[in-house]
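Count the sequence shown with our numbering and you get residues 616 to 845, in order. Note that CB positions come from ideal geometry on N, CA and C, so glycine has one too.
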Amino acid sequence: MLAQVSPWYAHAAQRLTTAPAHALTPPARMEWTTHPGLGPGAELLGRDLRGKRLLELGCGPGHNVAHLAHHHKAPTTGVDLIGLQVRRARSHYGHITGTTFSAGHALHHLQATTQTFDAIYSVFGAIGLVPPALLLAEISRHLAPGGVLAFSLPHPARAGRHPSPDDHPREDYVTMPDRTRHPIARWEYDAHRWAAHLSRTGLRITSALDLRHPRLDPWPTTLLITARKR
616 MLAQVSPWYA
626 HAAQRLTTAP
636 AHALTPPARM
646 EWTTHPGLGP
656 GAELLGRDLR
666 GKRLLELGCG
676 PGHNVAHLAH
686 HHKAPTTGVD
696 LIGLQVRRAR
706 SHYGHITGTT
716 FSAGHALHHL
726 QATTQTFDAI
736 YSVFGAIGLV
746 PPALLLAEIS
756 RHLAPGGVLA
766 FSLPHPARAG
776 RHPSPDDHPR
786 EDYVTMPDRT
796 RHPIARWEYD
806 AHRWAAHLSR
816 TGLRITSALD
826 LRHPRLDPWP
836 TTLLITARKR
């Protein structure tokens, strides 16, 4: 029931109505923003990913999972809260060797699994939408020593906004394919506050990038953070 009342369920349902799922070729590049080609690609997760175990929290239609499994030969699991998204991802990329898609809450999935991963990542996914103190601790617990965590979020300074002054979530909106907006709660930290939260769980921030399209965006639109387990 939780997933079905979520705005993300409505988002997935609208996507399936306008663009029914079918088999796709894995994208040639991993994307961290809504602008294709902007910023780094899969190299953020490591120089040589062949055989590495990767996990995406909030995989949506599975494009990045398919890229990593196909082009880098890295067994990659994608988890998404919305079963419709997982069905969509399987329809797109279930034929790609090395892809696994699972429906479930990111935090609950980590709490239930005994697997460890060489890298965990989130692209406008679970990080920022699940209480950071809980989720980052579980992520750290499931990263191998030296493992990488990378995640992108809506930039806290987008459209002239300001980062949250405390550790509480703020109201934000998700825009549906039909352009309506649904309210959600989001943790909107700047890089320094994320670094403090990461440090408490044994993760050391290694980079923080403010990304924006040079012609379309007057403000940074994406905050891209990379950390490593000590």
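With contacts defined as CB atoms closer than 8 Å, threonine 714 and threonine 691 qualify as a contacting pair.
For the 8 Å CB-CB criterion, glutamate 671 and glycine 698 do not form a contact. Distance from serine 779 to tryptophan 802 at the Cβ level is roughly 7 Å; contact confirmed, criterion being Cβ atoms closer than 8 Å. In this structure, His710 is the residue among Arg702, Gln700, His710, Leu696 with its C-alpha nearest to the C-alpha of histidine 682.
Annotation: leucine 818 to alanine 734 spans about 12 Å, alpha carbon to alpha carbon. Ranked by Cα distance from histidine 685, the options Pro655, Gly761, Leu813, Thr712 are led by Thr712. Of the other Cβ atoms in all chains shown, fewer than 16 fall within 10 Å of the Cβ of alanine 774; this residue is therefore exposed.
For the 8 Å CB-CB criterion, leucine 826 and threonine 816 do not form a contact.
Taking a C-beta distance under 8 Å as the contact criterion, leucine 839 and glycine 654 qualify as a contact pair.
Rounded to whole angstroms, the gap between the alpha carbons of valine 745 and leucine 639 is 30 Å. Look at the stretch 748 to 828 and you find these whole runs of alpha helix (DSSP H), each 4 residues long or longer: 806 to 815. The Cβ-Cβ distance between alanine 823 and alanine 806 falls below 8 Å.
Taking 8 Å as the cut-off, the beta carbon of leucine 631 is found no closer than this to the beta carbon of threonine 841. In this structure, alanine 704 lies near valine 680, with their beta-carbon atoms less than 8 Å apart.
By the neighbour-count criterion, in which a residue is buried when 16 or more other Cβ atoms sit within 10 angstroms of its Cβ, glutamine 700 is buried. Note that the C-beta distance between proline 760 and lysine 844 is below 8 Å. Closest by C-alpha distance to glycine 719, out of Phe732, Gly740, His707, Thr795, is Gly740. The shortest CA-to-CA distance from tyrosine 804 to any of Thr821, Pro784, Tyr788, Pro792 is the one to Pro784. In this structure, the CA atom of arginine 702 is about 10 Å from the CA atom of glycine 675. Separation of histidine 828 and glutamine 726 (C-alpha to C-alpha, rounded to the nearest whole angstrom) is 37 Å. Scanning Gly673, Asp663, Leu696 for the CA closest to the CA of lysine 688 turns up Asp663.
Here the alpha carbon of isoleucine 820 sits roughly 8 Å from the alpha carbon of serine 814.
Excluding the 5 residues flanking it on each side, arginine 644 has same chain C-beta neighbours closer than 6 Å at Gly656, in chain order. Beta bridge pairing from DSSP links alanine 718 with Asp695.
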